[in-house]
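Asks:
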Amino acid sequence: MIVISCTQSWALAQRAGFDRVLAEFGARVTLDTCMFHTPMLGGEVRTVMTNSGKCAYYAPGELDRKVAFGSLADCVRSAVLGRVHREEQP
Amino acid sequence: MSRRLQGRAVVPGRAEGVALVCREPLSLWGGFNPRTGEIVDRRHAQSGQVATGRVLVLPRTKGSSTGSACLLESIRAGTAPAAIITAEVDAIVALGSIVADELYGRCVPAVALDAESFASLRDGDVIAVAPDGTVTIGEPPC
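As they're listed, the protein sequences go chains R and G. Numbering-wise, the numbering used here puts 77 at position 77 of the first sequence, and it's gapless, one number per residue. Numbering-wise, the numbering used here puts 106 at position 16 of the second sequence, and it's gapless, one number per residue.
(1) What distance in whole Å lies between the Cβ atoms of Ser154/G and Gly186/G, which are believed to be in contact at a cut-off of 8 Å?
(2) For Lys66/R, I'd like the list of residues in its chain whose CB is within less than 7 Å of its CB, leaving aside the five on either flank, ordered along the chain.
(3) Report yes or no: is there a C-beta of chain G within less than 8 Å of the C-beta of Gly53/R?
(4) Taking 8 Å as the threshold (C-beta atoms), are Ala109/G and Arg150/G in contact?
(5) Residues in its own chain within less than 6 Å of Val29/R by CB, not counting five upstream and five downstream?
(6) Within a Cβ cutoff of 7 Å, which residues of the same chain sit near Phe93/R, ignoring the five residues on either side of it in sequence?
(7) Using the beta-carbon of each residue, which ones in chain R are nearer than 8 Å to Val140/G?
(8) Please report whether the beta-carbon of Gly127/G lies at a distance below 8 Å from any beta-carbon of chain R.
(9) How would you label Val21/R, buried or exposed, when you count the other beta carbons within 10 angstroms and need 16 or more for buried?
(10) Could you give the DSSP three-state label for Leu193/G: helix, strand or coil?
(11) For Glu262/G, count neighbouring C-beta atoms within 10 Å of its own C-beta (all shown protein chains included) and say buried if the count is 16 or more, exposed if not.
(12) Hey, how far is the Cα of Pro115/G from the Cα of Val130/G?
(13) Output the residue ranges of the alpha helix (DSSP H) runs that lie fully inside the segment 19 to 64 of chain R and measure 4 residues or longer, sorted by chain position.
(14) Using three-state DSSP, classify Arg77/R as helix, strand or coil.
(15) Compare the beta carbon distance of Gly103/G and Pro199/G with 8 Å and say whether it is the shorter of the two.
(16) Looking at chain G, is there any beta carbon in it that lies within less than 8 Å of the beta carbon of Pro60/R?
(17) Indicate whether the contact test is met: 3 or more Cβ pairs, each with one atom in the segment 76 to 89 of chain R and one in the segment 162 to 176 of chain G, closer than 8 Å.
(18) Here's the rule I'm using: 16 or more other beta-carbon atoms within 10 Å means buried, otherwise exposed. How should Gly138/G be labelled?
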């Protein structure tokens with residue numbers, strides 16, 4: 001799981017203790033950039049799931065990966081399950 | 091027989107090339123790869139086409155203003171279109187091209203046409219743009 005956030009939001013997450021939960025899960029956190037400009041996907045990654053419409057739209061051309069789009073809750077659930085899971089239909 | 095259209099020279103310059111005509115807008119960030127000159131917006135009708143050296147005919151850009159930086163980088167890398175013709179003054183195109191002129195001493199000429207003139211351009215047309223904004227369409231190569 002990759003969490004891409006910004007300094008301000010991450011400070012709020014730390015205050016709420018979310019950073020420890022994410023660290024225990026093994027999430028990698030990257031702040032103030034985007035995965036198109038900062039390589040952060042390993043070669044083994046075949047599918048990217050995101051709650052960003054912009055990321056989902058451009059990832060097929062920019063990242064050469066398959067893309068799934070879903071809500072943040074769907075992204076988190078999918079990361080836990082290890083497969084794409086959608087409660088909410090697009 | 092060639093014909094002439096009068097446009098507005100947004101970034102004045104002289105260039106010639108074969109038209110690559112897009113009927114829908116394109117984001118130069120995310121939709122265009124400055125390393126290869128390829129249109130990489132996989133939902134765009136011209137996905138997979140290479141704009142390098144072509145006269146890119148584009149109604150307008152869309153999306154990220156970082157498109158200026160992508161055009162700038164493609165000019166530096168030598169993958170840029172020969173010229174860009176739009177259907178309105180496009181600030182993202184203009185900014186990237188003007189900054190390239192400042193930084194690298196070369197630019198992509200940009201011309202804005204009225205809607206009717208713009209619609210008359212066809213893929214494969216041989217197009218020359220002049221510094222005064224004149225667009226000349228010649229015979230397609232045999």
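Just so you know, even glycine gets a beta-carbon here, dropped at the ideal spot from N, CA and C.
Replies: If we stick to the structure as given:
(1) One-based indexing of the second sequence puts residue 186/G at position 96. One-based indexing of the second sequence puts residue 154/G at position 64. No, Gly186/G and Ser154/G are not in contact; Cβ-Cβ is about 12 Å, not under 8 Å.
(2) Translated into positions along the first sequence, residue 66/R becomes position 66. The residues are Arg46, Thr47.
(3) For the purposes of this step, residue 53/R is identified with residue 53 of the first sequence, where counting begins at 1. With 8 Å as the cut-off, Gly53/R does not count as an interface residue toward chain G.
(4) For this step, residue 150/G is matched to residue 60 along the second sequence. For this step, residue 109/G is matched to residue 19 along the second sequence. For Arg150/G and Ala109/G, no; Cβs fall outside 8 Å.
(5) The count along the first sequence starts at 1 and reaches residue 29/R at position 29. Here the set comprises Val3.
(6) Examination of residue 93/R is not possible in this model, given that chain R is present from 1 through 90 alone.
(7) If you number the second sequence from 1, residue 140/G lands on position 50. Here the premise fails: no neighbours, minimum Cβ distance about 13 Å.
(8) Here residue 127/G corresponds to residue number 37 of the second sequence, with the count starting at 1. Chain R, which has no Cβ nearer than 8 Å to the Cβ of Gly127/G, makes this no.
(9) Residue mapping note: residue 21/R aligns to position 21 of the first sequence, counting from 1. Val21/R is exposed by the Cβ-count criterion.
(10) If you number the second sequence from 1, residue 193/G lands on position 103. Reduced to three states, the DSSP call for Leu193/G is helix.
(11) With chain G covering 91 to 232 only, the question about residue 262/G has no answer from this structure.
(12) Reading the second sequence from its first residue, position 25 is the one you call residue 115/G. Reading the second sequence from its first residue, position 40 is the one you call residue 130/G. Those two C-alpha atoms are separated by around 13 Å.
(13) 53 to 62
(14) Position 77 of the first sequence, counted from the start, is the residue given in the question as residue 77/R. Under the three-state reduction of DSSP output, Arg77/R falls in the helix class.
(15) As a first step, residue 103/G is located in the second sequence; it is residue number 13 there, counting from the start. As a first step, residue 199/G is located in the second sequence; it is residue number 109 there, counting from the start. Going by C-beta atoms, Gly103/G is nearer than 8 Å to Pro199/G.
(16) Taking the first residue of the first sequence as 1, we reach residue 60/R at position 60. Chain G, which has a Cβ nearer than 8 Å to the Cβ of Pro60/R, makes this yes.
(17) As far as the Cβ criterion goes, the segment 76 to 89 of chain R does not touch the segment 162 to 176 of chain G, which means the pair count is below three.
(18) Residue 138/G sits at position 48 when you count from the first residue of the second sequence. The residue in question, Gly138/G, is exposed, as its Cβ has fewer than 16 Cβ neighbours within 10 Å.
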